[in-house]
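**Q** The structure is given below, and queries will be raised subsequently.
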Amino acid sequence: HYIVIFLLFCLIEGILYIFYYDRTKNEINDQVNINLEEIEKIYNSAIKQANTSSNNFYYYYLQKNKIIENFINAYYADTQERNSIRKQLQNILINDITKNEKKRIKAVNFIFPDNTVFLRSDFPEKYGDNLSHRQMIALANQNKLRYSGFDVGLTEVSYRYVIPLHDQYNFNGIIELKISVDFFFDY
């Protein structure tokens with residue numbers, strides 16, 4: 030008699046456990062899916078904002094101030110003129126980037142068609158000019174297309190927007206805009 034009551038109790042507990050476990054598991058899965066969808070929306074929004082900021086910086090700042098034109102001219106200039114152009118561009122960029130309150134654009138790097146760095150606005154003496162490990166630079170050189178995304182540099186991971194400069198006749202080099210990963214934490 031006690032055994033039947035005990036077995037009945039175990040059966041009821043088992044059914045309740047299975048029902049409760051299954052319901053709880055479904056609720057947790059639903060919540061995880063909702064959270065993942067929200068994270069994906071936030072991520073896509075941040076990526077879109079980063080690309081928009083980079084694109085705006087390229088079109089409205091670099092082109093307006095003839096920075097691109099001077100960079101292209103520097104490739105064909107003699108050493109003295111090249112150094113003069115580099116100093117001029119470095120002063121413009123460093124002053125303006127450090128004044129940028131939102132710090133969206135952290136650095137701007139100019140790379141000649143032969144893959145040598147002409148100018149880095151972010152501490153060239155610290156980071157050096159080695160681009161051999163950079164996948165997006167290689168892709169932009171090879172395909173002459175824009176690339177953007179997270180990329181590993183020598184000292185950090187940052188979001189990079191790589192713009193190849195070319196017309197129908199010449200490949201004129203690459204401009205790389207770097208956005209700090211901190212930018213994405215705002216989202």
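Using our numbering, you'd call the opening residue of the sequence shown number 30 and step up by one each time. Beta carbons are placed, not taken as given, at the ideal position from N, Cα and C, and that holds for glycine. None of the values given here were measured: they were computed from a predicted structure.
Using DSSP bridges, identify the partner residues of E205.
**A** Here the question's residue 205 lines up with position 176 in the sequence shown. E205 is bridged to N138, V191.
**Q** Do I208 and Y188 have their CB atoms nearer than 7 Å?
**A** Taking the sequence shown and counting its residues from 1, the one referred to as residue 208 is at position 179. Taking the sequence shown and counting its residues from 1, the one referred to as residue 188 is at position 159. For I208 and Y188, yes; Cβs fall inside 7 Å.
**Q** Which residue wins for smallest C-alpha separation from N120, given the options S150, N138, D196, T108?
**A** Position 91 of the sequence shown, counted from the first residue, corresponds to residue 120. Nearest option by C-alpha distance: S150.
**Q** Compare the Cα-Cα distances from I97 to each of T81, Q117, Q109 and report the closest residue.
**A** Counting from one through the sequence shown, the residue named residue 97 turns up at place 68. The shortest C-alpha separation from I97 is found at Q117.
**Q** DSSP puts Y176 in a beta bridge; with which residues?
**A** Against the sequence shown, residue 176 aligns to sequence position 147. Answer by DSSP bridge pairing, in chain order: V191.
**Q** Relative to the alpha-carbon of D143, which residue among I134, V137, I166 has its alpha-carbon at the smallest distance?
**A** Working through the sequence shown from its first residue, we reach residue 143 at position 114. Residue I166 is the option with its Cα nearest to D143.
**Q** Less than 6 Å between C-beta atoms, sequence neighbours within five positions excluded: which residues of the same chain meet that for S83?
**A** Working through the sequence shown from its first residue, we reach residue 83 at position 54. Same-chain partners within the cutoff: Y190, L206.
**Q** In whole angstroms, what is the alpha-carbon distance linking L122 and S177?
**A** Position 93 of the sequence shown, counted from the start, is the residue given in the question as residue 122. Position 148 of the sequence shown, counted from the start, is the residue given in the question as residue 177. Those two C-alpha atoms are separated by around 21 Å.
**Q** Please determine, among N112, F147, G202, the residue with the shortest C-alpha to C-alpha distance to L174.
**A** Residue mapping note: residue 174 aligns to position 145 of the sequence shown, counting from 1. When each option's Cα is compared against that of L174, the closest is G202.
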